[in-house]
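Inspection log for the structure reproduced underneath, given as structure tokens.
There are 2 protein chains.
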Amino acid sequence: MIVAVDAAGGDHFPKNPVKGAIDSVSENESLTVLLVGPEGIINEELANHQYDESRILVHNAPQVIGMEESPTQAFKTKQQSSIAIGLGLHKAGKCDAFVSAGNTGALLAASTFILGKLEGVLRPTIASYYPTLKGFRLLVDAGANLELKADMARQFAKMGKVFCRQILSLDSPTVGLLNVGEEEGKGTDILKEIHQDLQSLDGFIGNVEGKDILTGKADVYLCDGLVGNIILKFGESIPGILMKMIEKAIGQSDMTKEDIQKTQQLLGSALGSFNYERVGGIPFLGVNGVSVVGHGGSSALAIKNMIKNAVQTVEQDVNGKIIASLN
Amino acid sequence: MIVAVDAAGGDHFPKNPVKGAIDSVSENESLTVLLVGPEGIINEELANHQYDESRILVHNAPQVIGMEESPTQAFKTKQQSSIAIGLGLHKAGKCDAFVSAGNTGALLAASTFILGKLEGVLRPTIASYYPTLKGFRLLVDAGANLELKADMARQFAKMGKVFCRQILSLDSPTVGLLNVGEEEGKGTDILKEIHQDLQSLDGFIGNVEGKDILTGKADVYLCDGLVGNIILKFGESIPGILMKMIEKAIGQSDMTKEDIQKTQQLLGSALGSFNYERVGGIPFLGVNGVSVVGHGGSSALAIKNMIKNAVQTVEQDVNGKIIASLN
Numbered sequence: 006m007i008v009a010v011d012a013a014g015g016d017h018f019p020k021n022p023v024k025g026a027i028d029s030v031s032e033n034e035s036l037t038v039l040l041v042g043p044e045g046i047i048n049e050e051l052a053n054h055q056y057d058e059s060r061i062l063v064h065n066a067p068q069v070i071g072m073e074e075s076p077t078q079a080f081k082t083k084q085q086s087s088i089a090i091g092l093g094l095h096k097a098g099k100c101d102a103f104v105s106a107g108n109t110g111a112l113l114a115a116s117t118f119i120l121g122k123l124e125g126v127l128r129p130t131i132a133s134y135y136p137t138l139k140g141f142r143l144l145v146d147a148g149a150n151l152e153l154k155a156d157m158a159r160q161f162a163k164m165g166k167v168f169c170r171q172i173l174s175l176d177s178p179t180v181g182l183l184n185v186g187e188e189e190g191k192g193t194d195i196l197k198e199i200h201q202d203l204q205s206l207d208g209f210i211g212n213v214e215g216k217d218i219l220t221g222k223a224d225v226y227l228c229d230g231l232v233g234n235i236i237l238k239f240g241e242s243i244p245g246i247l248m249k250m251i252e253k254a255i256g257q258s259d260m261t262k263e264d265i266q267k268t269q270q271l272l273g274s275a276l277g278s279f280n281y282e283r284v285g286g287i288p289f290l291g292v293n294g295v296s297v298v299g300h301g302g303s304s305a306l307a308i309k310n311m312i313k314n315a316v317q318t319v320e321q322d323v324n325g326k327i328i329a330s331l332n
Numbered sequence: 006m007i008v009a010v011d012a013a014g015g016d017h018f019p020k021n022p023v024k025g026a027i028d029s030v031s032e033n034e035s036l037t038v039l040l041v042g043p044e045g046i047i048n049e050e051l052a053n054h055q056y057d058e059s060r061i062l063v064h065n066a067p068q069v070i071g072m073e074e075s076p077t078q079a080f081k082t083k084q085q086s087s088i089a090i091g092l093g094l095h096k097a098g099k100c101d102a103f104v105s106a107g108n109t110g111a112l113l114a115a116s117t118f119i120l121g122k123l124e125g126v127l128r129p130t131i132a133s134y135y136p137t138l139k140g141f142r143l144l145v146d147a148g149a150n151l152e153l154k155a156d157m158a159r160q161f162a163k164m165g166k167v168f169c170r171q172i173l174s175l176d177s178p179t180v181g182l183l184n185v186g187e188e189e190g191k192g193t194d195i196l197k198e199i200h201q202d203l204q205s206l207d208g209f210i211g212n213v214e215g216k217d218i219l220t221g222k223a224d225v226y227l228c229d230g231l232v233g234n235i236i237l238k239f240g241e242s243i244p245g246i247l248m249k250m251i252e253k254a255i256g257q258s259d260m261t262k263e264d265i266q267k268t269q270q271l272l273g274s275a276l277g278s279f280n281y282e283r284v285g286g287i288p289f290l291g292v293n294g295v296s297v298v299g300h301g302g303s304s305a306l307a308i309k310n311m312i313k314n315a316v317q318t319v320e321q322d323v324n325g326k327i328i329a330s331l332n
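Residue numbers (this note's numbering), protein chains in the order written: chain A, 6 to 332; chain B, 6 to 332.
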């Protein structure tokens, strides 16, 4: 199993991708990681670590795509970027998957263009893990397709279900359509059409509302990319905001240092289930390959878990099962 | 100042509307409240309280619209409901405002039909308070109009600004358009069109993202009713979910009873800013009258604050200022 890792992606490269790669090969004996990026800076970073040199390889890619660059522009003009070269290696069969914490838009464009779509797929989608009281669940689409059509939405639901079954080990994943009310007939015309179309889908539990997300009422929350992207970024902001609200409350209280410490520990543990580092990232669903995208701020732990996710996606043949599910 | 209060609306009637009304007249010497609903149950509830009988009046309305009833159906078939009669009294000039924690859809339909629209208004809208680090701010549209048009969106932004200025006492309210990215040119075609159109609006700060909501980056968060409704219900679910996550963490910790109590107190105070009871509810913006809608679960405190909001909306001539702002 060879996974290519973007060593020039995310807010903290090459440090975090390098550390994540080294930790991954330590944990998984049959894994080799190919670090893709400017070889000078990668080798410099590697020099700070002890690692198995036969399973951490470096592949030079001199150009770096910035986190704020226009995705299509960057992909067109930077053919020597870690993203273009890493995905090219994957396409050529030199590795089994590609993992990046880089520019999501550029990654989606490059993955779709270089790897192509899986047989029968109308549009690839970005799924995102979402923390719920039952553990991480899936939000689809998280920003790739801002407007849905019924046939696309049905495929997203099916692909999400395959991912839940193979990677989250849920036997009978459920699908809920994010809407303004539970009753059939709620929402916009397209939501009504999607609802109607999904009636025949195994596991479809009907409309779900904003209040049902954090409770884990559904396993796959289906929505358009506009709603998904806003909900995703909103959710990511919650732990930080809460910490600020609690610091303010602490400041106005007469708590001792010891009390404050205990409270902060407790909160840290309670909010642990919001910590995306524990799951890392998800492959784009629907592309003909395994291209895992993670948060720009990914820690080494998050990158290690993205690599793990990539390995599982390959081993579980998620793509083969997606193709089968669409037929 | 006479405010009609729906004594048959919400999850806890007549108890909470009656208590909210009594507390309101105790606080405001120049206020009279008209309790509208089935007079038998209202009088029975009133018998449990001491109050100024000259300023708490009862107006019989025998029919009750359930929280889950179809809004248009309920409004058509229940002409003797507290909503229809209360709004009718307002239309006839027998009171200055109407306040209800009842079925939001029925209230919007009845308010629009009975009171009509303000001069120049294309569509009335539901605005909702949203808790941020800076205090409560406004989310518009919170579910009345699931799809936006540019001219509607511009009016919603203007009406939201008037409300922020008059009721939240913000001198120069800002407007942010909820979108998938900050840059101009992001989002769906209609979001691009709205963004373009708002360039000339005073206080427009451009696109804002999901992560910018709780920080209070904008004073008015502009979005379509689909996004608004999902975000609103999501936000309302946060305190309860957090409490569950924290209880779980407490269960796994070795905290003493005293520690637990201190922590819960602190959290209660930190999450206080999420407590909608402190603000109650907001009038529908754009209707030719003052019709304040609140949460179905409204406490007596929430209803008291809704009544206060209604009084302020009348006193500050919010509607007159909306008409002026649209010209």
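Beta carbons: idealized from backbone N, C-alpha and C, even for Gly.
Is the beta carbon of residue j closer than 7 Å to that of residue i?
| i | j | result |
| --- | --- | --- |
| G299 of chain A | A106 of chain A | yes |
| V41 of chain B | H64 of chain B | yes |
| G15 of chain B | S258 of chain B | no |
| L36 of chain B | S29 of chain B | yes |
| L290 of chain B | Y226 of chain B | no |
| P178 of chain B | K197 of chain B | no |
| I131 of chain B | L92 of chain B | no |
| A315 of chain B | V292 of chain B | no |
| G230 of chain A | G148 of chain A | yes |
| M164 of chain B | I27 of chain B | no |
| T137 of chain B | P129 of chain B | no |
| S87 of chain B | D176 of chain B | no |
| E187 of chain A | N150 of chain A | no |
| A102 of chain B | V319 of chain B | yes |
| V145 of chain A | N234 of chain B | no |
| V180 of chain B | V104 of chain B | no |
| E44 of chain A | P19 of chain A | no |
| S133 of chain B | K216 of chain A | no |
| G221 of chain B | K139 of chain B | yes |
| N310 of chain B | G273 of chain B | no |
If you compare alpha carbons, which of the options is closest to residue i?
| i | options | result |
| --- | --- | --- |
| L203 of chain B | B:Q160, B:S86, B:I251, B:K238 | B:Q160 |
| A275 of chain A | B:T268, B:A66, B:N234, B:E44 | B:T268 |
| S330 of chain B | B:H95, B:D146, B:L206, B:E32 | B:L206 |
| A348 of chain A | B:V145, B:E58, B:S278 | Given that chain A is displayed from residue 6 to residue 332, the structure contains no residue 348 of chain A and the question cannot be resolved. |
| K238 of chain B | B:Y135, B:P67, B:H54 | B:Y135 |
| H200 of chain B | B:R170, B:L219, B:D156 | B:D156 |
Could you check whether the Cβ of residue i sits closer than 7 Å to any Cβ belonging to chain B?
| i | result |
| --- | --- |
| M250 of chain A | yes |
| L242 of chain A | At residue 242 of chain A the sequence reads Ser, which differs from the Leu that was named. Chain B contact via Cβ: present. |
| S274 of chain A | yes |
| I246 of chain A | yes |
| K216 of chain A | yes |
| V232 of chain A | yes |
| V185 of chain A | yes |
| T193 of chain A | yes |
| K139 of chain A | no |
| G286 of chain A | no |
Taking 7 Å as the threshold (beta carbon to beta carbon), is residue i in contact with chain A?
| i | result |
| --- | --- |
| I235 of chain B | yes |
| A254 of chain B | yes |
| E152 of chain B | yes |
| D264 of chain B | yes |
| T130 of chain B | no |
| K197 of chain B | no |
| T261 of chain B | no |
| G148 of chain B | yes |
| L113 of chain B | no |
Would you report the Cα separation of residue i and residue j, rounded to the nearest angstrom?
| i | j | result |
| --- | --- | --- |
| L112 of chain A | P288 of chain A | 11 Å |
| E124 of chain B | G294 of chain B | 11 Å |
| G333 of chain A | F80 of chain A | Nothing in the structure corresponds to residue 333 of chain A, since chain A is present only between 6 and 332. |
| Y281 of chain B | R60 of chain A | 56 Å |
| K99 of chain A | E32 of chain A | 22 Å |
| V232 of chain A | D57 of chain A | 44 Å |
| K313 of chain B | G301 of chain B | 18 Å |
| H95 of chain B | A114 of chain B | 15 Å |
| L127 of chain A | V69 of chain B | 49 Å |
When you compare the CB of residue i with every CB in chain D, is at least one pair closer than 7 Å?
| i | result |
| --- | --- |
| K238 of chain A | Among the protein chains in the structure shown, which are A and B, there is no chain D. |
(request) Pick out the complete beta strand (DSSP E) segments inside the region 245-309 of chain B, 3 residues or longer, and give them in chain order. (result) 286-288, 296-299
(request) Would you list, in sequence order, the uninterrupted alpha helix (DSSP H) runs of no fewer than 4 residues that lie entirely inside the region 143-180 of chain B? (result) 155-171
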